[in-house]
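Heads up, the thing below is written out as structure tokens.
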Amino acid sequence: MAHPASTRTVERALGLLSEVCAEGSITLSECARRAQLPASTALRLLRTLEGAGFVARETDGAFRAGGKLIQLGAVALGRQSLVGLAEPGMQRIVAATGESSYLAIAGPGETAIYIAMVEGTHAVRHTSWVGRSISRADLAVGRALHGTVAAPGYFAERDRLEPDVTAIVASILRPGGIAGALSVLGPTYRIDDDAMREYGEIVSREANAIAEQLGVPRTAQLRREVTGR
Numbered sequence: 100m101a102h103p104a105s106t107r108t109v110e111r112a113l114g115l116l117s118e119v120c121a122e123g124s125i126t127l128s129e130c131a132r133r134a135q136l137p138a139s140t141a142l143r144l145l146r147t148l149e150g151a152g153f154v155a156r157e158t159d160g161a162f163r164a165g166g167k168l169i170q171l172g173a174v175a176l177g178r179q180s181l182v183g184l185a186e187p188g189m190q191r192i193v194a195a196t197g198e199s200s201y202l203a204i205a206g207p208g209e210t211a212i213y214i215a216m217v218e219g220t221h222a223v224r225h226t227s228w229v230g231r232s233i234s235r236a237d238l239a240v241g242r243a244l245h246g247t248v249a250a251p252g253y254f255a256e257r258d259r260l261e262p263d264v265t266a267i268v269a270s271i272l273r274p275g276g277i278a279g280a281l282s283v284l285g286p287t288y289r290i291d292d293d294a295m296r297e298y299g300e301i302v303s304r305e306a307n308a309i310a311e312q313l314g315v316p317r318t319a320q321l322r323r324e325v326t327g328r
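Note that our numbering has the sequence shown beginning at 100, numbered continuously upward.
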């Protein structure tokens with residue numbers, strides 16, 4: 100159970116952060132007044148937030164949103180918009196294959212984070228990986244997020260991500276890089292070589308459609324498939 104004093108401190112810090120974000124920049128006295136805190140308390144909390152990168156100080160001493168806060172906001176907004184763009188394609192993948200479809204993005208270090216899923220329709224299906232972080236090393240999702248060019252437009256692997264699981268993954272391009280990785284996952288016994296090729300083409304097509312919405316022309320996608328750039 101959180102200690103009441105600790106909870107109050109967090110509430111005060113968040114209140115100050117909200118006041119800073121409401122303005123381009125704000126003085127200590129004005130921020131303290133709006134948050135209804137003594138200036139000394141406000142300064143102590145703002146310095147803590149500054150040390151964590153959530154606020155920054157101007158040369159005149161005023162406070163503004165810090166780099167860490169801006170970075171987190173950009174990541175959250177980017178994830179939200181990418182999920183919204185990807186979900187219709189993921190639903191089409193499930194409708195065409197019956198298997199579960201996932202969306203992953205690059206996480207800290209050499210990790211991949213699954214941020215969205217549409218469940219397959221089979222009684223036996225892959226589920227519950229949303230929010231999971233895995234190593235990208237030697238996995239299809241890692242190659243897709245790294246930007247490695249796949250000759251057929253997708254990466255496929257059996258029994259590497261998990262025992263008895265086949266994964267088929269395609270990169271989602273964005274201008275200047277990789278936005279994420281789109282995949283279909285299912286039990287290996289149900290996905291033979293023919294199904295793997297068919298599903299790979301479906302996933303690649305949907306990943307390309309998302310990339311177009313992100314501003315990558317179809318001609319650029321075709322050039323990358325041919326030249327690797």
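Don't be surprised by glycine CBs; every beta carbon is placed ideally from N, CA and C.
As the structure is a computational prediction, the values presented were derived from the model and not from experiment.
Report the three-state DSSP secondary structure of residue i (helix, strand or coil).
| i | result |
| --- | --- |
| Arg-235 | coil |
| Gly-246 | coil |
| Gly-188 | helix |
| Gly-152 | coil |
| Met-100 | Unreliable placement is indicated for Met-100, whose pLDDT of 46 sits below 50; the coordinate value is still reported in the next sentence. In this structure, Met-100 counts as coil in the three-state DSSP scheme. |
| Ser-303 | helix |
| Ser-105 | helix |
| Leu-313 | coil |
| Ala-330 | Coverage of the chain is limited to positions 100 through 328, which leaves residue 330 absent and any answer about it impossible. |
| Tyr-298 | helix |
| Ala-134 | helix |
Do residue i and residue j have their C-beta atoms closer together than 8 angstroms?
| i | j | result |
| --- | --- | --- |
| Ala-98 | Gly-230 | The first residue shown for the chain is 100 and the last is 328, placing residue 98 beyond what the model contains. |
| Gly-188 | Leu-281 | yes |
| Ile-301 | Ala-195 | yes |
| Gly-166 | Ala-151 | no |
Report the residue from the options whose alpha carbon sits nearest the alpha carbon of residue i.
| i | options | result |
| --- | --- | --- |
| Gly-172 | Phe-153, Gln-190, Gly-183, Ala-306 | Phe-153 |
| Leu-145 | Gln-170, Leu-136, Ala-112, Ser-117 | Ala-112 |
| Thr-140 | Ser-232, Gly-114, Ala-250, Ala-164 | Gly-114 |
| Gly-160 | Lys-167, Thr-147, Leu-127, Ala-134 | Leu-127 |
| Ala-310 | Gly-276, Pro-286, Ser-105 | Gly-276 |
| Ser-234 | His-221, Glu-218, Ala-255, Ile-204 | Ile-204 |
| Gly-307 | Leu-142, Asp-291, Met-295, Leu-272 | A small correction: the amino acid at residue 307 is Asn; Gly does not occupy that position in the sequence shown. Taking only the C-alpha atoms, the option nearest Asn-307 is Leu-272. |
Tell me, to the nearest whole angstrom, how far the beta carbon of residue i is from that of residue j; I am working on the premise that it is less than 8 angstroms.
| i | j | result |
| --- | --- | --- |
| Val-303 | Ala-269 | Here residue 303 is Ser; the residue named in the question, Val, does not match the sequence. The pair is a contact, with the Cβ atoms about 5 angstroms apart (cut-off 8 angstroms). |
| Leu-244 | Arg-259 | The Cβ separation is near 15 angstroms, so there is no contact. |
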